[in-house]
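**Q** Sending over a structure as structure tokens; questions will come in a sec.
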Amino acid sequence: MHIIFWLLAVIFLAACAPASINLPYLGHSNTRAPTGTFPEPAQFSYQKLAEDSQVNELPWEETEHYRSFKVRLPHKLPEETQKSFLEFTFYKSKLADKEKLIIVLSTYSQRQFHRFPMLNLGAYLTAWNPYADFNVALLEEQEGDDPFDLDALKDLNSEEDNMRWMRESARRFRKIVVGIRRMLDWAEKESSIDMSRVGIAGFSTSAPIVAVAMGIDPRISAAAIFLGSANFHEVLAQSEEVRMKTWRERSLERSGQSREDFAAHAYSILDPINPLRHSSSIDPGRVLYF
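Everything in the sequence shown is counted per my numbering, starting at 694 for the first residue and increasing by one.
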């Protein structure tokens, strides 16, 4: 696993290289769709909040090449009334020049061992990088963030429960994507960040979030996606993952539906967040996919 993420880190840095550098061995295209061609889907729109961010330095995490900060941003979806916040750790390069930014997402899984690959990647990108030629923002999972809470499936006992779980999954997914956009708003005001060189990395559950974020926001110029998926309605209808399979079989037996009917119901709720819906503006040469 460590070797995989070493490779991911190295190639990802190359993917975030300045546009003036050609990397033909990566199949790298130095073009990106013009900003005007990027869609602004209503489900990922948001209002910039007037409240200021809170930034606190973490001196005990300072290294030879990086200073560390905990950043807290006000964050909510347009339809939400309750106040909430987005938190991430910002590793700021000590170099004087503006440097690229790499955003590393959590894996959003209640199985705690799944969070370590991205924490390891964050460590590779900072503690083991002797050049400090980029900044890193590490977005870790907070309670209630997991967009597809598979552990909750065992408690769904009706079609209404199923639909409620899917709607909540879509809402959480949207909120993480919008949160990434708020991180980019903050980054635009940070003097150490070169906004022309912003990359993002996601593993497992966070991989499709990365794909959607890159597809709708032109400020992201490169992405590394590991073990991602799309067409969530088909995943729910066909997956052999134990929790999903047990839930699906119980639901089909109770309702008398076919898998096709099951997928159709899921499609009506989950298709708006399907990464394939938002991929037309992405330059494949800017994406590293495992």
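For glycine and all other residues, C-beta sits at the position ideal for the given N, C-alpha and C.
When burial is assigned at 16 or more other CB atoms within 10 Å of the CB, is residue 753 buried or exposed?
**A** exposed
**Q** Report buried or exposed for residue 977, applying the criterion of at least 16 other Cβ atoms within 10 angstroms of its Cβ.
**A** By the neighbour-count rule (16 or more Cβ atoms within 10 Å), residue 977 is not buried but exposed.
**Q** Please indicate yes or no: does the CB of residue 980 lie closer than 7 Å to some heavy atom of the ligand FMN?
**A** Among the ligands in the structure shown, none appear at all, so the ligand FMN cannot be discussed.
**Q** Along the chain, where does the beta strand (DSSP E) that runs through residue 784 open and close?
**A** 778-786
**Q** Hey, could you find the ends of the beta strand (DSSP E) residue 831 is sitting in?
**A** 827-832
**Q** Kindly give me the distance between the Cβ atoms of residue 839 and residue 865, rounded to whole angstroms, as I take these residues to be in contact under 8 Å.
**A** 7 Å
**Q** Could you work out which residue in 939, 892, 767, 775 is closest to residue 872 when comparing CA atoms only?
**A** The candidate whose alpha carbon is nearest that of residue 872 is 767.
**Q** How long is the line joining the alpha carbons of residue 980 and residue 940, rounded to whole angstroms?
**A** 34 Å
**Q** Expressed to the nearest angstrom, what Euclidean distance is found between the alpha-carbon atoms of residue 887 and residue 791?
**A** Approximately 5 Å between the Cα atoms of the pair.
**Q** Please classify residue 834 as buried or exposed, where buried requires at least 16 other C-beta atoms within 10 Å of its C-beta.
**A** By the neighbour-count rule (16 or more Cβ atoms within 10 Å), residue 834 is buried.
**Q** Look at the alpha carbon of residue 915 and the alpha carbon of residue 843, and state the distance between them as a whole number of angstroms.
**A** 29 Å
**Q** Since residue 982 is in the beta strand (DSSP E), which residue starts that stretch and which ends it?
**A** 980-982
**Q** Report, in whole angstroms, the separation of the C-beta atoms of residue 649 and residue 859, which I expect to be a contact under 8 Å.
**A** Not covered by the structure: residue 649. The range shown for the chain is 694 to 983.
**Q** Taking only the alpha-carbon atoms, compute the straight-line gap between residue 968 and residue 738 and give it to the nearest angstrom.
**A** 16 Å
**Q** How is the beta strand (DSSP E) around residue 960 delimited, first residue to last?
**A** From DSSP, residue 960 is part of no beta strand (DSSP E) but of the alpha helix (DSSP H) over 952-963.
**Q** Would you mind sorting residue 862 into buried or exposed? The rule is 16 or more other CB atoms within 10 Å of its CB.
**A** buried
**Q** Using a Cβ-Cβ cutoff of less than 7 Å, which residues in the same chain neighbour residue 747 once the five nearest sequence positions on both sides are dropped?
**A** Counting only Cβ-Cβ distances below 7 Å, and skipping sequence neighbours, we find 765.
**Q** Within the same chain, show all residues whose beta-carbon is closer than 7 Å to that of residue 885, passing over the 5 residues directly before and after it, in chain order.
**A** 785, 786, 791, 792, 828
**Q** Tell me, to the nearest whole angstrom, how far the beta carbon of residue 966 is from that of residue 867; I am working on the premise that it is less than 8 Å.
**A** 6 Å
**Q** Confirm, please, whether the CB-CB distance from residue 891 to residue 912 is below 8 Å.
**A** yes
**Q** Select from 949, 963, 943, 925 the residue whose C-alpha is nearest the C-alpha of residue 850.
**A** Ranking 949, 963, 943, 925 by Cα distance to residue 850 puts 943 first.
**Q** Where does residue 843 sit, in a helix, a strand or coil, going by DSSP?
**A** helix
**Q** Are residue 907 and residue 962 closer than 8 Å when you measure CB to CB?
**A** no
**Q** By alpha-carbon positions, which one of 922, 898, 845, 947 ends up nearest to residue 800?
**A** 898
**Q** If the criterion is Cβ atoms closer than 8 Å, does the pair residue 825 and residue 781 meet it?
**A** no
**Q** So within the region 877-911, which uninterrupted beta strand (DSSP E) runs reach at least 3 residues, ignoring any that extend past its ends?
**A** You should have 886-896.
**Q** Do you know offhand how far residue 853's Cα is from residue 794's?
**A** One Cα belongs to residue 853, the other to residue 794, and the distance between them is close to 42 Å.
**Q** Which stretch, first to last residue, makes up the alpha helix (DSSP H) that contains residue 762?
**A** Taken as a continuous stretch (DSSP letters only), residue 762 belongs to no alpha helix (DSSP H), being part of the beta strand (DSSP E) at 759-767.
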